[in-house]
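A.B. asks: Sharing a structure here in C-alpha cells format.
Chains as they are written, first to last, in the numbering used here: chain A, 4 to 233; chain B, 284 to 487.
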C-alpha cells in the first residue's frame with residue numbers, strides 16, 4: 004500500500020492549457036472588478052443611509068429640544084404637544100400624574116401671558132382653556148384617589164389647591180394689567196373654571212359633598228378666588 | 284516532478300485584503316497561486332479537460348468575488364478554495380451524472396490476487412487516474428489532495444472538515460480500494476491480452 008502511495012505521488016499533474024489559463028484570468032479579472040464596484044456602491048449606499056439617519060435623528064432631536072420653549076404661535080408648538088403627551092403616558096403614580104397636570108397648567112398660563120403680550124388673544128384664550136383643562140384633570144385625579152387612598156388624596160389635594168392659588172394670583176395680576184375686554188373676559192373665565200376645579204377636588208368621591216379633609220389645603224381651599232377679581 | 288504552485292499559507296491574508304479593495308494585481312497573484320492546483324484537482328475528479336477548465340475558472344471566480352463570505356477564522360483561504368472546488372465538482376456530478384458511486388469496499392472486485400504482487404511500474408498514470416475515479420467521492424478527494432496535491436493530512440482535514448485521524452483512516456481505506464480497483468483493471472487487461480494472443484494463434 005505504501006508503494007501505491009508513492010506511485011501516486013509520481014503521477015504528473017495535469018496542467019491547464021495556456022489558452023484556458025488566459026481565458027480564466029480574463030473572466031476572473033472582470034468578475035473581481037465588477038464585484039469591487041458593486042461592493043463600493045453598497046458601501047456608498049450604506050454610508051448615505053447612515054448619514055440620512057444621523058441627520059434625521061439630529062433634526063428630530065433638535066426640533067424636540069427647540070420645541071420645549073416654543074409658544075402657541077410657533078411652528079414647533081405641535082411638537083411640544085406631542086412631547087407633553089409622551090410625558091403624560093410615562094406618568095404612572097397619582098403623584099406623578101398630578102405633577103404632570105400642574106406643570107402643564109403652569110406652562111399654559113405662561114403661554115397665555117406671552118400671547119396676551121403679543122396681542123394674540125385667540126391663542127391666549129386657548130392657552131387659558133387648556134390650563135383649566137389640566138387643573139380639571141388634576142382635580143378629577145384627586146377626587147378619584149380619595150376612594151382609594153385618603154392619605155395620598157389629602158396630600159394631592161393640598162398640592163393642587165396651593166397650585167391653583169398660585170395660578171389665581173398670577174391671573175389676578177394679569178387681569179389687572181390688561182385693558183382689552185376680551186382678554187379680561189378670558190382671564191375671568193379661567194379663574195372661574197379653576198375655582199370649579201377646587202370644588203371638584205374638595206368633593207368626596209362617595210357622596211359628592213365637599214371633603215371634610217380641609218387640613219393643609221392652605222388659603223386656596225378657603226376661597227376659590229383668594230385674590231379679588233375686580 | 285511536480286510543478287504545482289506554492290501551497291497556501293499566511294501569505295494569502297494581505298493579498299485577500301487587497302482583493303477585497305479591488306486590487307487586480309493581488310487577484311492575479313492568488314489566481315496564479317491556485318488555478319493550476321484547482322484545475323489539477325478537478326481534472327483528477329472528472330477526467331475531462333474541458334470540464335476541469337470550466338470548473339477551475341468557476342471556482343476561482345467564486346473564491347475571489349465572494350470574499351465577503353470568507354471568514355479567516357481557523358479556516359485557511361486554501362481550504363476555502365478547495366471546498367468551493369469540491370462543491371462545484373459535486374454540482375457537476377448532479378447535473379451530468381457520475382460514472383461510479385458504488386463504494387469499492389463493497390464492490391465485487393477480484394479479491395484473489397495478492398496486492399503485493401501489483402507491479403507498480405506496469406501501471407500507467409492513466410491507469411491510476413481511471414482507477415481513482417472508481418472510488419467513492421470522499422476516497423477520491425483524500426487521495427487527490429494527499430498525493431496529487433501534496434497536502435498534509437492536517438490540511439486535508441481542514442478542507443474536508445474532518446479530524447486528522449479520520450483523514451488518515453479514510454486515506455488507508457482509499458488506498459486499499461484503489462489497489463483492488465487496479466488489480467481488477469490489470470486482470471481485465473491480462474485476460475484481454477490472453478484472448479487476443481489465443482485468437483491470433485488460432486488464426487495462424
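Virtual Cβ for every residue (Gly too), placed ideally from N, Cα, C.
Only a predicted model underlies this, so the values are computations on that prediction, with no experimental measurement involved.
1. Can you give the Cα-Cα distance for residue 114 of chain A and residue 136 of chain A, rounded to whole angstroms?
2. Can you tell me the Cα-Cα spacing of residue 482 of chain B and residue 473 of chain B, whole angstroms?
3. From residue 249 of chain A to residue 193 of chain A, what distance separates their C-alpha atoms?
4. For a contact defined as C-beta to C-beta under 9 Å, what are the partners of residue 86 of chain A on chain B?
5. Just the C-alpha distance for residue 155 of chain A and residue 52 of chain A, rounded to the nearest angstrom, thanks.
6. Looking only at C-alpha atoms, which of A:164, A:67 and A:72 sits nearest to residue 89 of chain A?
7. Measure the CB-CB distance between residue 410 of chain B and residue 463 of chain B and report whether it falls below 8 Å.
8. Could you have a look at residue 396 of chain B and say whether DSSP puts it in helix, strand or coil?
9. If residue 145 of chain A and residue 159 of chain A are in contact, beta carbons under 8 Å, what's the gap, nearest whole angstrom?
10. What three-state label does DSSP hand residue 206 of chain A in the structure shown?
11. Using DSSP with H/G/I as helix, E/B as strand and the rest coil, what is residue 15 of chain A?
12. Nearest CA to the CA of residue 126 of chain A: which residue from A:148, A:200 and A:190?
13. Report the three-state DSSP secondary structure of residue 432 of chain B (helix, strand or coil).
14. Apart from the five residues on each side of it in sequence, which residues of its chain come closer than 8 Å, Cβ to Cβ, to residue 14 of chain A?
15. Is the Cβ of residue 302 of chain B closer than 8 Å to any Cβ of chain A?
16. In chain A, which residues lie less than 7 Å from residue 467 of chain B when you measure between Cβ atoms?
17. Within 8 Å (strictly less), CB to CB, does residue 89 of chain A reach chain B?
18. In chain B, what lies closer than 9 Å to residue 50 of chain A by C-beta?
19. Spell out whether any CB of chain A is found under 8 Å from the CB atom of residue 387 of chain B.
20. Chain B beta carbons: is any one of them nearer than 8 Å to that of residue 111 of chain A?
21. Can you pull the chain B residues whose beta carbon is under 8 Å from the beta carbon of residue 14 of chain A, in chain order?
22. Of all the CB atoms in chain A, is at least one closer than 8 Å to the CB of residue 393 of chain B?
23. For residue 97 of chain A, which option in A:151, A:121 and A:80 has the closest C-alpha, if you only look at C-alpha atoms?
24. For residue 188 of chain A, does the count of other Cβ atoms within 10 angstroms reach 16, so buried, or fall short, so exposed?
25. Use the C-beta contact count for residue 373 of chain B: other C-beta atoms within 10 angstroms, 16 or more gives buried, fewer gives exposed.
26. Does the distance from the C-beta atom of residue 447 of chain B to that of residue 425 of chain B stay below 8 Å?
27. Under 8 Å, do residue 368 of chain B and residue 326 of chain B count as touching if we go by C-beta distance?
28. Could you have a look at residue 150 of chain A and say whether DSSP puts it in helix, strand or coil?
29. Would you mind reading off the limits of the alpha helix (DSSP H) that contains residue 182 of chain A?
30. Output, in chain order, the set of chain B residues within a Cβ distance shorter than 9 Å of residue 83 of chain A.
31. Taking contact to mean at least 3 C-beta pairs separated by less than 8 Å, is the segment 333-343 of chain B in contact with the segment 412-429 of chain B?
32. Where does residue 419 of chain B fall in DSSP's three states?
33. At the 8 Å Cβ level, is residue 19 of chain A part of the contact set with chain B, yes or no?
34. Can you confirm whether residue 317 of chain B, when its beta carbon is compared against all beta carbons of chain A, has any partner nearer than 8 Å?
35. Which runs of the beta strand (DSSP E) spanning at least 3 residues fall entirely within the segment 70-104 of chain A, listed in chain order?
36. On the DSSP letters alone, give me the boundaries of the alpha helix (DSSP H) that residue 358 of chain B sits inside.
C.D. replies: Considering the structure as presented:
1. As a working note, residue 114 of chain A is residue 111 in the first chain. As a working note, residue 136 of chain A is residue 133 in the first chain. Going from the Cα of residue 114 of chain A to the Cα of residue 136 of chain A covers about 15 Å.
2. As a position in the second chain, residue 482 of chain B is number 199, starting the count at 1. As a position in the second chain, residue 473 of chain B is number 190, starting the count at 1. So the alpha carbons of these two residues sit roughly 14 Å apart.
3. Because chain A here runs from 4 to 233, residue 249 of chain A falls outside it and cannot be looked at.
4. As a working note, residue 86 of chain A is residue 83 in the first chain. Result: empty, since nearest Cβ-Cβ is about 42 Å, beyond 9 Å.
5. To locate residue 155 of chain A, count along the first chain from 1; it is residue 152. To locate residue 52 of chain A, count along the first chain from 1; it is residue 49. Answer to the nearest angstrom: the Cα atoms are 51 Å apart.
6. Here the question's residue 89 of chain A lines up with position 86 in the first chain. If we check each option's Cα against that of residue 89 of chain A, A:67 comes out closest.
7. As a working note, residue 410 of chain B is residue 127 in the second chain. As a working note, residue 463 of chain B is residue 180 in the second chain. For residue 410 of chain B and residue 463 of chain B, no; Cβs fall outside 8 Å.
8. Within the second chain, residue 396 of chain B is the residue found at index 113, counting from 1. Note that residue 396 of chain B has pLDDT 44, beneath the 50 cutoff, so the model's placement of it is unreliable and the number below is only indicative. Coil, per DSSP.
9. On the first chain, position 142 is the one that residue 145 of chain A refers to. On the first chain, position 156 is the one that residue 159 of chain A refers to. Confirmed, Cβ separation roughly 5 Å.
10. Counting from 1 along the first chain, the entry for residue 206 of chain A is found at position 203. Strand.
11. As a first step, residue 15 of chain A must be located in the first chain, where it is residue number 12. In the structure shown, residue 15 of chain A sits in coil (DSSP, three-state: anything other than H, G, I, E or B).
12. Indexing the first chain from 1 puts residue 126 of chain A at position 123. Out of A:148, A:200 and A:190, A:190 has the C-alpha closest to the C-alpha of residue 126 of chain A.
13. The residue labelled residue 432 of chain B in the question sits at position 149 within the second chain. Residue state, collapsed to three classes: coil.
14. In the first chain, residue 14 of chain A corresponds to position 11, counting from 1. Nothing meets the Cβ criterion.
15. Here residue 302 of chain B refers to the residue found at position 19 when the second chain is read from its first residue. With 8 Å as the cut-off, residue 302 of chain B counts as an interface residue toward chain A.
16. Numbered from its first residue, the second chain carries residue 467 of chain B at position 184. What residue 467 of chain B touches in chain A: nothing, since even the nearest Cβ is about 14 Å away.
17. Reading the first chain from its first residue, position 86 is the one you call residue 89 of chain A. Chain B, which has no Cβ nearer than 8 Å to the Cβ of residue 89 of chain A, makes this no.
18. Counting from one through the first chain, the residue named residue 50 of chain A turns up at place 47. By Cβ distance, chain B contributes nothing, its closest Cβ being about 16 Å from residue 50 of chain A, past 9 Å.
19. Sequence index remark: in the second chain, residue 387 of chain B carries index 104 (1-based). Unreliable positioning characterises residue 387 of chain B in this predicted model, as indicated by a pLDDT of 35, which lies under 50. A coordinate reading is not provided.
20. By one-based count along the first chain, residue 111 of chain A stands at place 108. Cβ-Cβ to chain B under 8 Å: no for residue 111 of chain A.
21. Here residue 14 of chain A refers to the residue found at position 11 of the first chain. Chain B residues near residue 14 of chain A: 408, 411, 412, 430 and 431.
22. Looking up residue 393 of chain B in the second chain gives position 110. For residue 393 of chain B, the pLDDT reaches just 39, beneath the cut-off of 50, and the residue's location in the model is therefore unreliable, leaving the point undetermined.
23. Mapped onto the first chain, residue 97 of chain A falls at position 94. Of the listed residues, the one whose Cα sits closest to residue 97 of chain A is A:151.
24. Taking the first chain and counting its residues from 1, the one referred to as residue 188 of chain A is at position 185. Answer is exposed; the Cβ neighbour count stays below 16.
25. Translated into the one-based positions of the second chain, residue 373 of chain B becomes position 90. Residue 373 of chain B is exposed by the Cβ-count criterion.
26. Within the second chain, numbered from 1, the residue matching residue 447 of chain B stands at position 164. Within the second chain, numbered from 1, the residue matching residue 425 of chain B stands at position 142. Cβ distance not < 8 Å, so residue 447 of chain B and residue 425 of chain B don't count as in contact.
27. For the purposes of this step, residue 368 of chain B is identified with residue 85 of the second chain, where counting begins at 1. For the purposes of this step, residue 326 of chain B is identified with residue 43 of the second chain, where counting begins at 1. Contact: no.
28. Mapped onto the first chain, residue 150 of chain A falls at position 147. Here residue 150 of chain A sits in coil by DSSP.
29. What you label residue 182 of chain A is simply residue 179 of the first chain in a count that begins at 1. Per DSSP, residue 182 of chain A belongs to no alpha helix (DSSP H) and is neither H nor E.
30. On the first chain, residue 83 of chain A is found 80 positions in, with the first residue counted as 1. Neighbours of residue 83 of chain A on chain B: none; closest Cβ ~46 Å, over 9 Å.
31. As far as the Cβ criterion goes, the segment 333-343 of chain B does not touch the segment 412-429 of chain B, which means the pair count is below three.
32. Numbered from its first residue, the second chain carries residue 419 of chain B at position 136. Correct three-state label for residue 419 of chain B: coil.
33. Counted from its first residue, the first chain places residue 19 of chain A at position 16. Yes, its Cβ sits closer than 8 Å to a Cβ of chain B.
34. Taking the second chain and counting its residues from 1, one reaches residue 317 of chain B at position 34. Not closer than 8 Å to any Cβ of chain A, the Cβ of residue 317 of chain B fails to qualify, so no.
35. none
36. Translated into positions along the second chain, residue 358 of chain B becomes position 75. From DSSP, residue 358 of chain B is part of no alpha helix (DSSP H); its letter is neither H nor E.
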